[in-house]
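Below: the structure, in structure tokens.
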Amino acid sequence: MSKKTDCVAFEKLFFSKTYDFLEIYLPKQACRSRHTIKQYKTGLSCFYDYVSDVRMLSPLSFTFIHCTYKFLLEYRQYLGEDQRNAASTINCRLAAIRSYLEYVSDGDASIIPVYLVAERVPSAPVPKVRRPVIEAADLAAFLDSPAHTWKGNRDRFILILLYDTAIRVEELVSIRLGDIVSGSSASSILIHGKGRKERCIVLSDKASEHLNAYISVYHDAIPDPNCPLIYTVIHGEIHPMSVRNVERILHKYGQAAKATNPNIPDSVHPHMMRRTRACGLYQDGVPMEQVAALLGHSHIETTRTHYAEPSKKQMQESMKKGTEREPDKKEWLGNTDEIKKKFGLL
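Next comes the structure, spelled out in structure tokens:
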């Protein structure tokens, strides 16, 4: 009987389901990426430390019902004022708690009120910052900045592929030769995206030409479908190129191109290529659904929020609309008495 009582007591503890959530549900059932799992684990660990070290409560007595609206508000305030975390970090910590409570409440209806309380805790406001892109006038100079050497041609292909496909850098380094389908016209690549979601991207004619030329030089032997498309050779063995190395390549050529094109951002990185491509497609009138499909977004609102930025030309054309109905006569130029009369003050 006492064993049953202990089991029930354990099920009421707030952290009683964290192992199942992190080790079983997220990776095996929800198929979340390692990056997402790591974020949630960090977020729940931070909350554990707050409960035990700051509030001096034993995790063996802290239950779901102790996780009140006031408690979470104070935790949010602690993250900002005491820990000096950025707004985005605070929101990540809260998101981990919300996702965990959503998971627990799906299996235990008594936890639903706790989950709804966590949903009501306001997120920290994140200022809207306009992320830089490489403008169309500077793009060609940047993409052609590598020298026409063996290594330079490889680097140029990396720049072009990142821009043409708008893929993430992690997706780039995970491409294998077996993921490439070369057709009579344009080639296509099977991309292994976040959350184990796959999508097929068709390359432009020019990018297809660069791809074929790259493969003929860098994969001249009988192609192994498991061989990474972009690779480095370490101690005579082929390895996928690291994300850090790709970042270094983009930064290097960004600095080189900036010498002749000063409007290029100070620090060029892989995600800037993704943003440049997505914003350019939107500004060229490509439907938002197609842009979202290219980027691998499940929700079109994600694409709209982060990449639907109108160009200066679009803004100017929008402001011109309707101006023909504005009066040309400057009615408000006159003496003070005339102006007062118009306002009915005389």
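For the sequence shown, position 72 (counting from the first letter as 1) is numbered 624 according to this note's numbering, and the numbering increases by one without interruption.
Virtual Cβ for every residue (Gly too), placed ideally from N, Cα, C.
Asked, Found
"Whole-number beta carbon distance between Val-838 and Ser-794, since they are thought to touch under 8 Å", "That pair is no contact at about 32 Å."
"Burial state of Lys-893 (16 or more Cβ within 10 Å)", "exposed"
"Residues bridged to Cys-598 [DSSP beta-bridge criterion]", "Looking at the DSSP assignment, Cys-598 forms no beta bridge with any residue, so it has no partner."
"Rounded separation between His-803 and Ile-741 - CA only", "25 Å"
"Contact set for Ala-688: own chain, Cβ-Cβ below 8 Å, skip 5 residues either direction", "Gly-832"
"Alpha-carbon to alpha-carbon, Leu-691 and Asn-815", "10 Å"
"Range covered by the alpha helix (DSSP H) that runs through Pro-822", "822-835"
"Local conformation of His-721 per DSSP, three classes", "It should be pointed out that residue 721 corresponds to Val in this sequence rather than to His. Helix at Val-721."
"Extent of the continuous alpha helix (DSSP H) run through Val-843", "840-847"
"Where Arg-800 falls: helix, strand or coil (DSSP)", "helix"
"Beta-carbon proximity list for Leu-624, same chain, < 8 Å, skipping 5 on both sides", "Leu-646, Ile-649, Val-669, Ala-670 and Val-673"
"Check whether Val-685 and Thr-828 have beta carbons under 8 Å apart", "yes"
"Where Leu-612 falls, given that 16 or more other Cβ within 10 Å makes a residue buried", "exposed"
"Where the beta strand (DSSP E) containing Ser-756 begins and where it ends", "Premise fails: Ser-756 is in no beta strand (DSSP E) and is neither H nor E."
"Whole-angstrom distance between Ala-830 and Lys-555, CA atom to CA atom", "Summary for Lys-555: the model assigns pLDDT 37, below 50, so the residue's position carries little reliability; its value from the coordinates is reported in the next sentence. Whole-angstrom Cα-Cα distance: 58 Å."
"Those runs of the alpha helix (DSSP H) which lie wholly inside the segment 682-717 and span at least 4 residues", "688-695 and 702-717"
"Check whether Tyr-805 and Phe-694 have beta carbons under 8 Å apart", "yes"
"When Phe-616, Glu-722 and Arg-751 are compared against Ser-850, the one with the closest alpha-carbon", "Arg-751"
"Residue interval of the beta strand (DSSP E) (run including Thr-784)", "783-786"
"Proximal residues to Cys-779 (C-beta, below 6 Å), its chain only, five neighbours per side dropped", "Leu-729"
"Beta-carbon proximity list for Arg-856, same chain, < 7 Å, skipping 5 on both sides", "Met-840"
"Distance cut-off 7 Å: Val-785 Cβ against heavy atoms of the ligand MN", "Among the ligands in the structure shown, none appear at all, so the ligand MN cannot be discussed."
"Strand pairing of Ile-741, partner residues [DSSP]", "Ile-732 and Ile-753"
"Coarse secondary structure for Glu-861, derived from DSSP in three states", "coil"
"The segment 715-724 / the segment 818-826 touching (three or more Cβ pairs under 8 Å)", "yes"
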